[in-house]
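*Asks:*
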Amino acid sequence: MLELTYSEPTQSQKQTLLKSPGENVEQRLEDLQRADRSLYKMMGMEVWSIAKTMDDLYPGFWNQFMANRRIAMKNFIDQKQTDRPQNEEHPFI
13 MLELTYSEPT QSQKQTLLKS PGENVEQRLE DLQRADRSLY KMMGMEVWSI
63 AKTMDDLYPG FWNQFMANRR IAMKNFIDQK QTDRPQNEEH PFI
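With positions in the sequence shown counted from 1, the corresponding number in the working numbering is that position plus 12.
(1) Whose C-alpha, out of Asp-48, Arg-49, Phe-73, is nearest the C-alpha of Trp-60?
(2) Between which two residues does the alpha helix (DSSP H) holding Tyr-52 run?
(3) Could you check the C-alpha separation between Lys-86 and Pro-21 for me, to the nearest Å?
(4) Could you give the DSSP three-state label for Thr-94: helix, strand or coil?
(5) With distances taken from CA atoms, which of Asp-90, Asp-67, Met-57, Asn-80 is nearest Glu-15?
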């Protein structure tokens, strides 16, 4: 099993974060983007592990899950298209 650990920043790291000059904005932005990617990767691993476990317990689970997801996504898109007024322009055009 994968073990995740968490460590608190040291006092000097906290001071550095609080007193960062404007030139470190790009570095901090990159750190946030890296943390965001890590979060999505961990979420993907969790979903995969649940699906793998369920597929081991109930063969065909993943296939049925994906079929249901496909139908739900199609229904969602159809609903969004019918809810949008036809004369409204797309905000990015």
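All C-beta atoms, glycine included, are put in the ideal place defined by N, C-alpha and C.
In this text, all values refer to a predicted model and were calculated from it rather than measured experimentally.
*Replies:* According to the structure shown:
(1) On the sequence shown, position 48 is the one that residue 60 refers to. Among Asp-48, Arg-49, Phe-73, the Cα nearest to that of Trp-60 is on Phe-73.
(2) Numbered from its first residue, the sequence shown carries residue 52 at position 40. That run of the alpha helix (DSSP H) goes 37-69.
(3) Numbered from its first residue, the sequence shown carries residue 86 at position 74. Numbered from its first residue, the sequence shown carries residue 21 at position 9. About 45 Å.
(4) Along the sequence shown, one-based indexing puts residue 94 at 82. Residue state, collapsed to three classes: helix.
(5) Walking along the sequence shown from the start, residue 15 turns up at place 3. For Glu-15, the nearest C-alpha among the options comes from Met-57.
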